[in-house]
Structures are given as C-alpha cells and as structure tokens.
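In our numbering, the protein residues as written are 1477 to 1702.
No residue lacks a Cβ here, since even glycine has one placed at the ideal position from N, Cα and C.
Predicted model only: the values in this text are computed from it and were never measured.
For reference, the structure discussed in these notes is given below.
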Ligand SMILES: *Cc1c(COP(=O)(O)O)cnc(C)c1O
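Shown next, in the form of structure tokens:
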C-alpha cells in the first residue's frame, strides 16, 4: 500500500477515535516512524503530507536528514540516546522523546546550542525490557531539571506493553495522563508538559481516547513497502 492510502485510513481512524471522546482531530499529531523505511519511502511519506518524522538511531537519522534538507520535516528522536551520541544529534532534532536520566540532561546542557524540547520517557508498564523512569521517580526528576536551562520538558512519553488486553493498555495510558496532571499542577515554567506521546500502530486509538497529543506510527503507515 502507498503511504498516501495508509494515511487516509489512519486519518479516518484518528477522527473516529476523537469523535468517541469529543476531541478535535487537530489536537493529535501523527509522527511517522521511519526507522525501518528506505529513504524513498520516507520521501513518499513527506509527499503524502506527513510533516513529523520519528527515528530511533543516530546514524540512520543523520543519514536520512542530509537527503531531506529541502523537505524540512520536523524531526523527532524516539529511541534511547546514549550520552556519547548527544553531541552528534542534539542540535539536529526538533524533539527528544526519550529523556530518561540525569546524565543525559547534563550532556544536553553541555552540547545544545539552544533549548531542546524534551519528553520524559516513563516506564509505566514496569516491564524490564522497557526504558524510562519509574512513575514514582518522575516528579523528582523533573524538579531537578530546573538547574538545566537547555532542557524544556514539553511532555511525557511511554510505550504500552505488547498485549491484546485492552484494559492493561488503557490503564498504562491513564497512568501517564495522571502523571502529566501532577506535573502540570507543579506549575514549573520550564516544564509545561502539554504533550502526551503515546500510542503506536496497534494501540493509537486507545491512546487518543486517553489523551495522546502525539502518536508514533510505524508499520500502519510506512509498513509494507509493496
Ligand atoms: C518503532 C517505534 C514506534 C512505531 O511502532 P509501530 O508499532 O511500527 O507503529 C513507536 N515508538 C517507538 C519508540 C518505536 O521504537
């Protein structure tokens, strides 16, 4: 399927999910995750009207970016970022979705030319295989960021567990929303925390119902290149 066709189906599903909970579809941004996509396929996505591109590895991101300078997509880094890679990518991206430790905050402070829009990654599901802070660590972590003016916390990010059990997935997204509410109530000027980056190809409809403002879609959009 062409990206254009996939996007048309996706947009209908987004609209339906928004309708169920009385949300404006414009309040949900689609990030096309191109980590498995060729450069051609990535260009196809941009031509189909995709504006936000998500990559999870520094090398493939930097490689793609150099060929897409004319297209000027908004770049989202969604993978774990090793501290030694910060200097290569931090001034090339628009959003970092995987802020998960103080050493990374410090490295960003050292390497960034300008303020970086970051989302704090939270391991709500508690799965060992998942990266991110534990839910009860988030408030303290964000409090400490006050001393690092290059880091702006514009939201929270999570990945739900791989399961068919909708209740477990929904509960995970609800918990992230609750943490967001707590952070917003702290009224920190450097942490407006207005975004929730949650929902992937298999669970974005639930995520939208629970308040996602950024959904990260790979396979359902870019998936099968044939
Ligand atoms: C790969 C990836 C996605 C997209 O996954 P799909 O299931 O293909 O939609 C979203 N978020 C992160 C962090 C990813 O690594």
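Is it the case that the Cβ atoms of residue i and residue j are separated by a distance below 8 Å?
i, j, result
"residue 1692", "residue 1530", "yes"
"residue 1672", "residue 1688", "yes"
"residue 1669", "residue 1627", "no"
"residue 1596", "residue 1569", "no"
"residue 1576", "residue 1608", "yes"
"residue 1564", "residue 1538", "yes"
"residue 1516", "residue 1690", "no"
"residue 1550", "residue 1527", "yes"
"residue 1624", "residue 1590", "no"
"residue 1520", "residue 1479", "yes"
Any idea which residues DSSP pairs residue i with across the strands?
i, result
"residue 1562", "DSSP lists no partner for residue 1562."
"residue 1508", "1529 and 1693"
"residue 1593", "1571 and 1628"
"residue 1672", "1632"
"residue 1553", "1531 and 1572"
Identify which residue in the options has its Cα closest to the Cα of residue i.
i, options, result
"residue 1657", "1614, 1636, 1642 and 1639", "1614"
"residue 1696", "1510, 1499 and 1496", "1510"
"residue 1592", "1537, 1621, 1543 and 1677", "1621"
"residue 1562", "1537, 1542, 1486 and 1588", "1588"
"residue 1680", "1480, 1488 and 1481", "1488"
"residue 1604", "1584, 1637, 1594 and 1633", "1637"
"residue 1600", "1566, 1547, 1481 and 1674", "1674"
"residue 1616", "1482, 1625 and 1655", "1655"
"residue 1548", "1525, 1532 and 1533", "1525"
"residue 1611", "1519, 1653, 1579 and 1585", "1653"
"residue 1573", "1522, 1535, 1477 and 1552", "1552"
"residue 1583", "1590, 1594, 1559 and 1598", "1559"
"residue 1651", "1483, 1666, 1542 and 1632", "1632"
"residue 1545", "1491, 1481 and 1522", "1522"
"residue 1677", "1494, 1667, 1492 and 1507", "1507"
"residue 1644", "1602, 1594, 1543 and 1666", "1602"
"residue 1514", "1499, 1502, 1543 and 1492", "1543"
Since residue i and residue j are thought to touch, with beta carbons under 8 Å apart, how far apart are those beta carbons, to the nearest angstrom?
i, j, result
"residue 1635", "residue 1660", "The Cβ separation is near 22 Å, so there is no contact."
"residue 1646", "residue 1682", "5 Å"
"residue 1496", "residue 1686", "The Cβ separation is near 11 Å, so there is no contact."
"residue 1440", "residue 1512", "A query on residue 1440 cannot be resolved here, the shown segment of the chain reaching from 1477 to 1702 and no further."
"residue 1518", "residue 1540", "6 Å"
For a cutoff of 8 Å on Cβ pairs, would you count residue i as touching chain C?
i, result
"residue 1554", "Included in the structure is just one protein chain, with no chain C present."
>> Quick check for students: name the residue ranges of the beta strand (DSSP E) that lie wholly in the segment 1599 to 1662, counting only runs of 3 or more.
In response: 1627 to 1633
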